[in-house]
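Numbering (the numbering used here), first residue to last: 142 to 433.
Positions of the beta carbon are idealized from the N, C-alpha and C atoms, including for glycine.
Note that the coordinates shown come from a computational prediction; the quantities given were computed from them, not determined experimentally.
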């Protein structure tokens with residue numbers, strides 16, 4: 142029972158990391174209908190920005206975090222402005238392929254700038270020490286990540302309901318054409334959405350870097366585990382992304398404990414296949430019915 146609780150709690154904490162990455166994917170899909178395959182590279186880029194500020198420029202932790210997050214937002218804006226905005230009106234497959242191309246471009250640039258090795262953070266970014274509750278030990282990095290995913294979820298809920306741009310994003314998610322007809326600048330909404338998604342991805346990268354270091358090979362693969370979380374909850378549901386991330390984290394950790402650590406690596410993708418086969422719209426997704 143003790144082993145079960147330990148791995149269950151670990152799964153919930155790791156699930157917070159997947160949930161954060163999944164929320165960024167859902168945000169972009171809701172607003173633009175584009176599935177962002179460059180999420181792993183955006184995660185890594187945000188983490189490397191923070192690492193560079195700490196290592197190359199010797200900035201304090203608080204300034205490194207601010208600069209990394211600001212840099213990620215700028216990258217998000219530039220991605221939308223310089224690439225995806227040019228594809229508005231083109232088949233949606235063109236935009237999806239553009240995100241795949243961007244992922245490879247970013248990967249090559251990061252290999253050039255930071256090399257292939259895994260780079261640990263030079264100083265402790267996340268405050269505190271592991272929390273011990275009875276016989277359950279919780280990593281402080283994962284604990285912070287979990288609480289941050291809850292905070293981001295709640296903040297987005299307030300943003301969408303109380304703020305003008307949030308309401309514009311909701312309207313754009315419903316229908317681009319309707320949003321344009323009532324005077325919403327859809328292009329600006331797309332830019333803000335990519336900026337927020339890149340900000341969230343950078344948070345994931347910073348927490349991953351603080352916990353296990355950053356590498357061009359392994360880090361994007363870990364971030365890709367957010368895809369099953371997205372599909373589990375539904376492509377258009379931020380609540381689903383949060384729940385999906387936690388469920389994927391729990392199942393991955395329990396399968397690693399009771400079946401095999403190697404099996405844990407493929408568990409998220411088994412979940413992905415099962416969802417696509419039996420409930421492709423996800424737990425909280427919308428079924429679309431088209432009249433022919």
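Residue 214 is not a Cβ neighbour of residue 348, given a cutoff of 8 Å. Residue 321 and residue 294 have their C-alpha atoms spaced approximately 27 Å apart. Per DSSP, the unbroken beta strand (DSSP E) holding residue 279 starts and ends at 277-279. The criterion of a C-beta distance shorter than 8 Å is satisfied by residue 424 and residue 381. For the pair residue 369 and residue 304, the Cα-to-Cα distance works out to about 30 Å. The stretch 381-395 makes contact with the stretch 143-163; the number of CB pairs closer than 8 Å reaches 3 or more.
Here residue 338 is buried, its C-beta having at least 16 other C-beta atoms within 10 Å. Assignment of residue 274 by DSSP, reduced to helix, strand and coil, places it in the strand class. The beta carbon of residue 255 sits closer than 6 Å to the beta carbons of 189 from its chain, once the five residues preceding and following it are set aside; these are given in chain order. In the structure shown, residue 417 falls within a helical segment according to DSSP collapsed to helix, strand and coil.
Exposure of residue 270 is indicated by the presence of fewer than 16 other C-beta atoms within 10 angstroms of its C-beta. Shown here for residue 342: same chain residues with a beta carbon closer than 7 Å to its own, the five before and five after excluded, namely 162, 165, 180, 183, 184, 187, 213 in chain order. Bridge partners of residue 260 according to DSSP: 355. Residue environment for residue 273: exposed (fewer than 16 other C-beta atoms within 10 angstroms of its C-beta).
Residue 366 counts as buried, since at least 16 other C-beta atoms from the protein chains shown sit within 10 angstroms of its C-beta. A buried status is given to residue 171, since no fewer than 16 other beta-carbon atoms sit within 10 Å of its beta-carbon.
A Cβ-Cβ distance of about 5 Å is found for the pair residue 330 and residue 310, placing them in contact under the 8 Å criterion. A Cβ-Cβ distance of about 5 Å is found for the pair residue 178 and residue 240, placing them in contact under the 8 Å criterion. Excluding its 5 nearest sequence neighbours in each direction, residue 280 has C-beta neighbours in its own chain below 6 Å: 271, listed in chain order. In this structure, DSSP gives residue 245 a helical state, which the three-state scheme calls helix.
Annotated as proximal: residue 350 and residue 192, with beta-carbon spacing under 8 Å. Nearest to residue 336 by alpha-carbon distance, out of 222, 149, 353, 233, is 222.
The Cβ atoms of residue 394 and residue 148 lie closer than 8 Å to each other. Separation of residue 230 and residue 236 (C-alpha to C-alpha, rounded to the nearest whole angstrom) is 10 Å. If one requires a minimum length of 4 residues, the alpha helix (DSSP H) runs lying completely within the stretch 171-204 are 180-196, in chain order. Sixteen is the threshold: since fewer than 16 other Cβ atoms of the shown chains lie within 10 Å of the Cβ of residue 296, the residue is exposed. Taking a C-beta distance under 8 Å as the contact criterion, residue 371 and residue 167 qualify as a contact pair.
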